[in-house]
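*Asks:* Letter by letter, the sequence shown follows residues 1 to 150 in the working numbering.
All residues carry an ideal CB built from backbone N, CA and C; glycine is no exception.
What you are looking at is a predicted structure, and each value in this text was computed from that prediction instead of being measured.
First the structure, then my questions, so here it is.
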Amino acid sequence: MYTNLKFAATHGLGSDDKKNVGRVSCYYMRSSEILLMKAEAQAQNKDDQGAKQTLNTLLAARTKSGTTPLTCDNYTSMQGLSALEMVQFQTRLELWGEGGREFYNNKRWNIAINRAASPTHVDKSSYPVNKMTLQIPLDEMLYNNKMVQN
């Protein structure tokens, strides 16, 4: 089992103001998210070289100082992947544990969730894309005779 502590610090260092713990007054968006969105757009538009160049910027920023920078070409786990698959792989790594984004990304990418071979997941089931859209609630269906169920 994994625990995500990415956002465990809920107040600044030296702060004794505990009443605001858990309240959000500002929102963060990391540059890595922007790079991943850009790389995905490039890959979706068949600009594989542009997508790889954008991913290389992200990988270089993640590379430990003093070591050879990671690139799409020397990243062992990405060998043989298409540019879009590389973006999807890096997105899963970067945004792990952040609010169920894997579900929404898989739905957008039309990729079923399959945990059958996972050594770390308790639930070994699979979840097809066609089950990722919930039905419209019954009470909404009852009050609108023009409503059609998904």
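Residue 77 by DSSP, collapsed to three states: which one?
*Replies:* For the purposes of this step, residue 77 is taken as residue 77 along the sequence shown, with counting starting at 1. If DSSP states are grouped into helix, strand and coil, residue 77 belongs with the helices.
*Asks:* Answer yes or no: do residue 90 and residue 58 have a C-beta to C-beta separation smaller than 8 Å?
*Replies:* Translated into positions along the sequence shown, residue 90 becomes position 90. Translated into positions along the sequence shown, residue 58 becomes position 58. In contact: residue 90 and residue 58 (Cβ atoms closer than 8 Å).
*Asks:* Where does residue 149 land, buried or exposed, given buried means 16+ other C-beta within 10 angstroms?
*Replies:* Within the sequence shown, residue 149 is the residue found at index 149, counting from 1. Burial call: exposed.
*Asks:* Take residue 86 as the anchor and find which of 46, 133, 40 and 34 has the nearest alpha-carbon.
*Replies:* To locate residue 86, count along the sequence shown from 1; it is residue 86. The option with the nearest alpha carbon to residue 86 is 40.
*Asks:* Go through its chain and collect everything with a Cβ distance to residue 125's Cβ below 8 Å, but skip five positions before and after it.
*Replies:* The residue given as residue 125 occupies position 125 in the sequence shown. Around residue 125: 115 and 116.
*Asks:* Return the CA-CA distance between residue 103 and residue 109, expressed in angstroms with no decimal places.
*Replies:* The residue you call residue 103 lines up with position 103 of the sequence shown. The residue you call residue 109 lines up with position 109 of the sequence shown. Those two C-alpha atoms are separated by around 10 Å.
*Asks:* Quick one, are the C-beta atoms of residue 83 and residue 43 less than 8 Å apart?
*Replies:* The count along the sequence shown starts at 1 and reaches residue 83 at position 83. The count along the sequence shown starts at 1 and reaches residue 43 at position 43. In contact: residue 83 and residue 43 (Cβ atoms closer than 8 Å).
*Asks:* Check whether the segment 63-81 touches the segment 139-147, counting contact only when three or more Cβ pairs, one atom from each stretch, lie closer than 8 Å.
*Replies:* They do not touch, by the three-pair rule.
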